[in-house]
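Data first, discussion second: the structure below is written as structure tokens.
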Ligand SMILES: [Cu+2]
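So this is what it looks like as structure tokens:
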């Protein structure tokens, strides 16, 4: 059987068509729902020349400032307790970098508390990675060593990474996208006639909760909030109840789950019919071949690039990007978790115009060199739960010592196979700094389309065992101290994080 066929057979359970229709954002998080009538929608925020989400191609050293901000997110109300990244009139800019570029940046922290930026997905020297050992106080600047962009074309992520405050800061607005371009990217763009911001569109999906005055409410649930923050309102690109007008042609969507804890199980619906689309890229860039599917799971921190061919539908049709119940939580006796894992609409897409577009999706996108695990060093890492926090092999992050040794020590050049086991009732999207990896096996069944290619996050479901392969080769010339943690932000804030070291 060819690999592509194999993947088609491995789809998740078929879409259960149930109560579509009326459900919109509010999930009973208690109060604060100030929704206008359901038909009132807002145009999706798209990158402009400047301002929110503008595309910024850095020239020389740039300064990114993190500071308080306010914005009209819910029409008629001002959200006054935001934090955003700012560069010369850009707000949370989408940084566009080319492979081979030198990315040179100062971080100016005006958040009012300690912070640091992590370049999520980059293979960078650990002193340029945003390790909490380098977090700086309010009013201070961290000058990153120059980062040589060695990663593949794809969609990356930048966000804060200070001790214990990552969830709070990301939630209040500090989150941005990075696009890396290389030759494969340029070919794809030309073949499909894709244009950034027009037909190649960022979708930064985040769930929030609002107080009646329009301010954000941050109230993680569970004992000490360790189940994480689950909002009652889903924003895309900071747009409340968004819609997007499209033509009958191919679009690329760069999906970034910028939420604190919520995974999305995304489908495209026309009425109750689910439409096909193609996964073309994951965290570490383009896949070898497009994979046709009808649904994807996207955990916090993951980036999934998809192609949608709106020639499959007609002018006048409305297509809804929906999220279904994920089943990634299995906490018996924790009724509130059952309630927050539910279906809702993410984005309404209106097919407005016909088009003379005649391009076809190419079958070859890039080359993904498979990691040879023949001589790999294998280890099992258990994801557990104790009173008060989730842990990694029973270990909990030591907030008093950012450089603590947790016993994960490797040599430069090691090929490592990590088998994650999950003895908790909750999923954990595990993230490694410093290296991209490959997912090689899931105990629950076949790999998903979003498990292919180079990854920096792997979903580990309750009672599931997942194996990943990592090639720990680097050329930074000294010992590297990287983080391994759960990307449910409240989990790593409460200690589900360790250092691992890779020798010079
Ligand atoms: Cu977790």
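Residue numbers (our numbering): 135 to 638.
All residues carry an ideal CB built from backbone N, CA and C; glycine is no exception.
query = Roughly how many whole angstroms lie between the Cα atoms of residue 314 and residue 291?
reply = 11 Å
ask   = Can you pull every residue whose C-beta falls closer than 6 Å to some heavy atom of ligand 1, listed in chain order?
value = Taking each Cβ in turn, the ones that pass are 524, 562, 620, 622, 625 and 630.
request  = Kindly confirm or deny that the region 403-418 and the region 438-453 touch, where touching means at least three C-beta pairs closer than 8 Å.
outcome  = yes
inquiry  = Please list the terminal residues of the continuous beta strand (DSSP E) segment that includes residue 288.
reply    = 288-294
query = When you compare only the Cα positions, how much space is there between residue 619 and residue 511?
reply = Pairing residue 619 with residue 511, the inter-Cα distance amounts to about 20 Å.
message = For residue 597, report the span of its alpha helix (DSSP H) as first-last.
response = Residue 597 -> no alpha helix (DSSP H), and no H or E assigned at all.
Alpha-carbon spacing of residue 219 relative to residue 509, whole angstroms = 44 Å
query = Are the CB atoms of residue 310 and residue 213 nearer to each other than 8 Å?
reply = no
request  = Kindly list the residues whose CB is nearer than 7 Å to the CB of residue 638, restricted to its own chain and excluding five residues on each side of it in sequence; keep chain order.
outcome  = 546, 611, 612 and 613
query = Quick one, are the C-beta atoms of residue 551 and residue 603 less than 8 Å apart?
reply = yes
query = In terms of alpha-carbon separation, which member of 190, 592 and 366 lies closest to residue 416?
reply = 592
message = Quick check on the DSSP output: the alpha helix (DSSP H) that includes residue 300 runs from which residue to which?
response = 300-305
query = Among 383, 240, 583 and 211, which residue has its Cα nearest to the Cα of residue 192?
reply = Of the listed residues, the one whose Cα sits closest to residue 192 is 240.
ask   = Is residue 529 near residue 632, with beta carbons less than 8 Å apart?
value = yes
message = What would DSSP say about residue 317, mapped onto helix, strand or coil?
response = helix
inquiry  = For residue 215 and residue 265, what's the separation of their Cα atoms in angstroms?
reply    = Their backbone Cα atoms lie some 26 Å apart in a straight line.
request  = Within its chain, find whatever has a CB closer than 6 Å to the CB of residue 629; leave out the 5 residues flanking it on each side and keep chain order.
outcome  = Taking C-beta separations shorter than 6 Å and ignoring five residues to either side along the sequence, the partners of residue 629 in its chain run 523, 530 and 531, following chain order.
query = Apart from the five residues on each side of it in sequence, which residues of its chain come closer than 6 Å, Cβ to Cβ, to residue 586?
reply = 421
inquiry  = I need the straight-line Cα distance from residue 376 to residue 494, nearest angstrom please.
reply    = 28 Å
request  = Note down the Cα distance separating residue 246 from residue 274, rounded to an integer number of angstroms.
outcome  = 10 Å
key: Inter-residue Cα distance where the pair is residue 622 and residue 518   = Note on geometry: alpha-carbon atoms of residue 622 and residue 518 lie some 14 Å from one another.
task = Report all residues from its chain with a CB closer than 8 Å to the CB of residue 525; omit the five preceding and five following residues, and keep chain order.
result = 517, 518, 519, 629 and 630
request  = Compute the distance between the beta-carbons of residue 479 and residue 504, then report whether it is under 8 Å.
outcome  = no
ask   = Are there 16 or more other CB atoms within 10 angstroms of the CB of residue 496, so buried, or fewer, so exposed?
value = exposed
query = Is residue 207 closer than 8 Å to residue 369 when the C-beta atoms are compared?
reply = yes
task = Scan the region 449-533 and note each continuous beta strand (DSSP E) run of 3 residues or more that stays entirely inside, going in chain order.
result = 452-458, 478-487, 511-520 and 523-526
query = Short check: CB of residue 577 to CB of residue 599, under 8 Å?
reply = yes
inquiry  = Beta-carbon within less than 6 Å of residue 300's beta-carbon, same chain only, minus the 5 sequence neighbours each way: which residues are those?
reply    = 294, 623 and 627
ask   = With 16 other CB atoms within 10 Å as the buried threshold, where does residue 236 fall?
value = exposed
inquiry  = Could you tell me the alpha carbon to alpha carbon distance between residue 579 and residue 205, rounded to whole angstroms?
reply    = 44 Å
request  = Following the continuous alpha helix (DSSP H) through residue 329, name the residue where it begins and the one where it ends.
outcome  = Element bounds for residue 329: n/a, residue is neither H nor E.
query = At which residues does the beta strand (DSSP E) containing residue 254 begin and terminate?
reply = 251-254
Endpoints, the beta strand (DSSP E) within which residue 203 is located = 196-205
ask   = Which value, in whole angstroms, describes the spacing of the CA atoms of residue 163 and residue 366?
value = Here residue 163 scores only 35 on pLDDT, less than 50, and its place in the model is too uncertain to base an answer on.
ask   = Which runs of the beta strand (DSSP E) spanning at least 3 residues fall entirely within the region 577-633, listed in chain order?
value = 591-594, 599-606 and 614-620
message = DSSP three-state label for residue 268, please.
response = Looking at residue 268 - three-state DSSP - the assignment turns out to be helix.
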